[in-house]
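Comments concern the structure below.
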């Protein structure tokens, strides 16, 4: 029991220290009732809230249209290039928004809602593939075959067999995508053009550009309430299906008798939508005003980043180091939390709900507000952590934690308790059962969460841009710096580094 | 999976080793921390002379873009993250003064925010290059200029302030009203210069962009070596230049203000000042500093720049930005 307490205490304590505390401190310092009232009655602020909502709903719809068929195809069928497709679909999630945004702009040539939707699809297809994929793989196709044999139409099979099994994962992915789009910052501020403002961009503008921290806090609270409501509505029901007995492997596409093109189209169309901006990045790394030149590549691979004071290897090393630490911290904490939530829910439903609530908070709190909160909270010895380099991967882990839990929890629930009981009956120790049964069955989900945590760390540049660093320039930061300066070589080097980041992320995410 | 964990373990332990060893090195007697924005990229080794002369180590820490840096510094005024602050400019100086952020400060460099033009585009077009702000509202310049959102971008703000200085309070609004259908507003410098502007890497469709008087030398110095430039592809329209001044100062609450003062003095000295043009692309304030050739030839420092006093900016910034938004949105 004590170990169990400790296991659920660690993730909660982690979120409490690095998120709840600084956020509450920010509220306590800057909150003002009258400002909040003004914000709620100001028509331009209400327009911002309304725009944030509808663009997010639309973004979710478009994302799902591309992502659900792709998830189906990738978790059911094996074909040459499937792994690369999975990598291509999931890599952009972690790219710096400046890269995706510039890629989208290069193709669409205009700012506005269409570009916002496109960029959001590029980022968020990954969330659905990652979250729903493992659940879908857990559902043995024999049930679908059986239903079909007994005369069920494909639609009936989906509604009665597949949907109940993937529902909780789809709902949780929907809530997550909505939250990311609703609170999206980089995408909106670049491809939205200057007139498209959302709550998060306004929080940043008010607090950082105009110095109206009280207005920013009021907006942050409003944003938090909306996201909490979404999580409340999307809370998975306690009744879960677990119709799993073996882990399935995708079947070869070549044995599928009919309709192979449907599978290929389901994967192909999102791959095209998602990879166009990435291809644009690659093209810009070698072309300048019609000339093709590989000088930027030789410069960057030779170790030099034009105009910057750090070397290529140092920047890549820092990024990899941060992402490795993030992966270790995130996955350990997520495993503890998922274990507690997945297992004893029938005994401690209340405890489970609290755990779920607290570990979701990193999605709820505005990045700019958390950034400011960290700066004003961890500012005195012995807690003067704001200038410590280790805080950066820790904050990355905080941001990755809810996603990792959402990947691990459904997989954990899908493990039939009979397996555990049988193992115990046959004399396996709890440790042995955990290692040989749970970890073994969780392997795909574990790998996915390692991949996504590492990837989130590679691309994060929101909260941590508020932290002070010394000698710890990451790839994302260096890309922003290079693209922020004139000169062909500098610009192209920015795109070279972005291409390297894409390749690196593809590597991390397609292997996992 | 095993391989992955071995890799993670290896990297983490490597990190542990390197971080302990760097802590050991930092056991030196005295050091001073320079707090700057992310884009602060001084010449490598520039502080070695300072350390040799004074025995004081310089630690450079960066904390976000200039807006984030100043906002953070104001929120933590009195309990700063460093000893010396680099990068308050004249558009933010009054905000810093109100928060008593700095114990003392000095102007450390200047730079001009000006319209840059794509020389090739104008050479192959019937339209002459504009020479003054008033030209921009002539029909032939419709759809040629891209500037930045002044709320989010400092060149965007500089350009807006320049128009206010030029046309005057109460009259600049008319200019912007006329400019409204003629100008494209980008969210930031990167999008404006590298996506929308036709004269640089982006191949966009706007031959005029708001950038810096020092952008042309940067285009030459950092041209593609396989396609070297003897002169820039862009030029600066001098009458549109707004003067930006950056300050360096000792942060209130610095635990080592004597060393901090010494560092500010060094930043104003000839050695550091002469390194700034080609590392930070700004002009020195020290009259003894000699400009590099590239700057003499291609950088523009307006003879009669547009200026607005820091006090006026602080007093009116929010009002101006709101009016601008109301006009342009």
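Residue numbers (my numbering), protein chains in the order written: chain A, 1 to 512; chain B, 513 to 841. Ideal Cβ placement from N, Cα and C applies to all residues, glycine included.
(1) Is the CB of residue 575 of chain B under 8 Å away from at least one CB in chain A?
(2) Does any residue of chain B bring its CB to less than 8 Å from the CB of residue 105 of chain A?
(3) Quick one: residues in its chain with C-beta nearer than 7 Å to the C-beta of residue 230 of chain A, no 5 flanking neighbours on either side, listed in chain order?
(4) Counting only the same chain and skipping the five closest in sequence on each side, list residues whose C-beta sits under 8 Å from that of residue 658 of chain B.
(5) Identify every residue that forms a DSSP beta bridge with residue 762 of chain B.
(6) Which residues does DSSP list as the beta-bridge partners of residue 756 of chain B?
(7) Could you check which residue in A:409, A:53 and A:389 has the C-alpha nearest to that of residue 138 of chain A?
(8) So the beta strand (DSSP E) residue 408 of chain A belongs to, where does it begin and stop?
(9) Any beta carbon from chain A within less than 8 Å of residue 803 of chain B's own beta carbon?
(10) What are the residues that DSSP puts in a beta bridge with residue 295 of chain A?
(11) For the alpha helix (DSSP H) containing residue 565 of chain B, name the first residue and the last one.
(12) In the DSSP assignment, the alpha helix (DSSP H) including residue 381 of chain A goes from what residue to what residue?
(13) For residue 379 of chain A, go through chain B and note every residue whose CB falls closer than 7 Å to its CB, in chain order.
(14) Can you give me the Cβ contacts of residue 375 of chain A inside the same chain, cut-off strictly under 7 Å, excluding the 5 residues immediately before and after it?
(15) Ordered along the chain, which non-local residues of its own chain (more than five positions away) have a Cβ less than 6 Å from that of residue 818 of chain B?
(16) Could you have a look at residue 245 of chain A and say whether DSSP puts it in helix, strand or coil?
(17) Using Cβ-Cβ distances below 7 Å, what residues of the region 288 to 318 of chain A are close to chain B?
(18) Per DSSP, which one or two residues make a beta bridge with residue 304 of chain A?
(19) For residue 531 of chain B, count neighbouring C-beta atoms within 10 Å of its own C-beta (all shown protein chains included) and say buried if the count is 16 or more, exposed if not.
(20) Would you be able to state if there are at least three C-beta pairs under 8 Å between the region 790 to 810 of chain B and the region 654 to 673 of chain B?
(21) Just to confirm my understanding: we take residue 490 of chain A, look at its own chain, exclude 5 residues before and 5 after, and list those with CB closer than 6 Å. What are they?
(22) Residue 470 of chain A touches chain B at which residues, Cβ-Cβ below 7 Å?
(23) Which of the residues in the region 602 to 617 of chain B, read from start to end, lie with their CB under 8 Å from any CB of chain A?
(24) Can you check the region 624 to 712 of chain B for any beta strand (DSSP E) of at least 3 residues that lies completely inside it and give the ranges in chain order?
(25) With distances taken between CB atoms, is the gap from residue 315 of chain A to residue 473 of chain A smaller than 8 Å?
(26) Return no unless some Cβ of chain A is closer than 8 Å to the Cβ of residue 830 of chain B.
(27) Nearest-angstrom Cα distance between residue 803 of chain B and residue 789 of chain B?
(28) With DSSP run on the structure shown, which of helix, strand or coil describes residue 801 of chain B?
(29) Can you name the residues of chain B whose CB is closer than 8 Å to the CB of residue 98 of chain A?
(30) Out of curiosity, what's the CA-to-CA distance linking residue 287 of chain A and residue 274 of chain A?
(31) For residue 590 of chain B, I'd like the list of residues in its chain whose CB is within less than 6 Å of its CB, leaving aside the five on either flank, ordered along the chain.
(32) If you draw a straight line from the C-alpha of residue 640 of chain B to the C-alpha of residue 713 of chain B, how long is it?
(33) What are the boundary residues of the alpha helix (DSSP H) that includes residue 782 of chain B?
(34) May I ask you to check if the CB of residue 356 of chain A is nearer than 7 Å to at least one heavy atom of the ligand MG?
(35) Can you give me, in chain order, the residues of the region 801 to 825 of chain B that have a beta carbon less than 8 Å from any beta carbon in chain A?
(36) Helix, strand or coil for residue 721 of chain B? Go by DSSP, reduced to three states.
This is what the structure holds:
(1) Locating residue 575 of chain B in the second chain gives position 63, where the first residue counts as 1. With 8 Å as the cut-off, residue 575 of chain B counts as an interface residue toward chain A.
(2) In the first chain, the residue the question calls residue 105 of chain A occupies position 105. For residue 105 of chain A, the answer is yes, since a Cβ of chain B falls inside 8 Å of its Cβ.
(3) Position 230 of the first chain, counted from the start, is the residue given in the question as residue 230 of chain A. Hits under 7 Å: 175, 178 and 179.
(4) As a first step, residue 658 of chain B must be located in the second chain, where it is residue number 146. These residues qualify, in order along the chain: 695, 696, 697, 698, 704, 708, 709, 716, 718, 720, 721 and 722.
(5) Position 250 of the second chain holds residue 762 of chain B. Paired residue(s): B:596 and B:616.
(6) The residue labelled residue 756 of chain B in the question sits at position 244 within the second chain. Partner(s): B:623.
(7) Against the first chain, residue 138 of chain A aligns to sequence position 138. Checking every option, the nearest Cα to that of residue 138 of chain A belongs to A:409.
(8) Here residue 408 of chain A refers to the residue found at position 408 of the first chain. First-last for residue 408 of chain A: 391 to 413, but that is the alpha helix (DSSP H), not the beta strand (DSSP E).
(9) For the purposes of this step, residue 803 of chain B is taken as the residue at position 291 of the second chain. Output row for residue 803 of chain B: interface = no.
(10) Mapped onto the first chain, residue 295 of chain A falls at position 295. Note: residue 295 of chain A sits in no beta bridge, so no partner.
(11) Locating residue 565 of chain B in the second chain gives position 53, where the first residue counts as 1. Per DSSP, residue 565 of chain B belongs to the alpha helix (DSSP H) from 560 to 566.
(12) Looking up residue 381 of chain A in the first chain gives position 381. From DSSP, residue 381 of chain A is part of no alpha helix (DSSP H); its letter is neither H nor E.
(13) For the purposes of this step, residue 379 of chain A is taken as residue 379 along the first chain, with counting starting at 1. Going along chain B in sequence order, the residues near residue 379 of chain A (Cβ under 7 Å) are 588 and 591.
(14) For this step, residue 375 of chain A is matched to residue 375 along the first chain. Correct list, in chain order: 386 and 466.
(15) Here the question's residue 818 of chain B lines up with position 306 in the second chain. Answer for residue 818 of chain B: 674, 677, 678 and 754, listed in chain order.
(16) In the first chain, counting from the first residue as 1, residue 245 of chain A sits at position 245. Residue placement at residue 245 of chain A cannot be trusted, given a pLDDT of 46 that sits under 50; what the coordinates show is reported in the next sentence. Three-state result, residue 245 of chain A: coil.
(17) 288, 289, 291, 293, 295, 306, 307, 308 and 309
(18) By one-based count along the first chain, residue 304 of chain A stands at place 304. Looking at the DSSP assignment, residue 304 of chain A forms a beta bridge with A:311.
(19) Within the second chain, numbered from 1, the residue matching residue 531 of chain B stands at position 19. Residue placement at residue 531 of chain B is flagged as unreliable, the pLDDT there being 43, under the threshold of 50; a coordinate-derived value is accordingly withheld.
(20) no
(21) Counted from its first residue, the first chain places residue 490 of chain A at position 490. Excluding sequence neighbours, residue 490 of chain A sits near 306, 307 and 482.
(22) For the purposes of this step, residue 470 of chain A is taken as the residue at position 470 of the first chain. Those within 7 Å of residue 470 of chain A in chain B are 571, 572 and 573.
(23) 607
(24) 657 to 660 and 695 to 698
(25) The sequence position of residue 315 of chain A within the first chain is 315, counting from 1. The sequence position of residue 473 of chain A within the first chain is 473, counting from 1. For residue 315 of chain A and residue 473 of chain A, yes; Cβs fall inside 8 Å.
(26) Start at 1 with the first residue of the second chain, and residue 830 of chain B comes out as number 318. Chain A contact via Cβ: present.
(27) Taking the first residue of the second chain as 1, we reach residue 803 of chain B at position 291. Taking the first residue of the second chain as 1, we reach residue 789 of chain B at position 277. When rounded, the distance between both Cα atoms is 7 Å.
(28) Taking the second chain and counting its residues from 1, one reaches residue 801 of chain B at position 289. Residue state, collapsed to three classes: coil.
(29) Here residue 98 of chain A refers to the residue found at position 98 of the first chain. Near residue 98 of chain A (Cβ distances below 8 Å), the residues of chain B are 702.
(30) One-based indexing of the first chain puts residue 287 of chain A at position 287. One-based indexing of the first chain puts residue 274 of chain A at position 274. Cα to Cα, residue 287 of chain A sits roughly 21 Å from residue 274 of chain A.
(31) The residue you call residue 590 of chain B lines up with position 78 of the second chain. Counting only Cβ-Cβ distances below 6 Å, and skipping sequence neighbours, we find 764 and 765.
(32) Numbered from its first residue, the second chain carries residue 640 of chain B at position 128. Numbered from its first residue, the second chain carries residue 713 of chain B at position 201. Answer to the nearest angstrom: the Cα atoms are 23 Å apart.
(33) Position 270 of the second chain holds residue 782 of chain B. Run containing residue 782 of chain B: 782 to 792, per the alpha helix (DSSP H) assignment.
(34) As presented, the structure is devoid of all ligands, the ligand MG included, so that no description of it is given.
(35) none
(36) Counting from one through the second chain, the residue named residue 721 of chain B turns up at place 209. The answer is strand: DSSP assigns residue 721 of chain B an E or B state.
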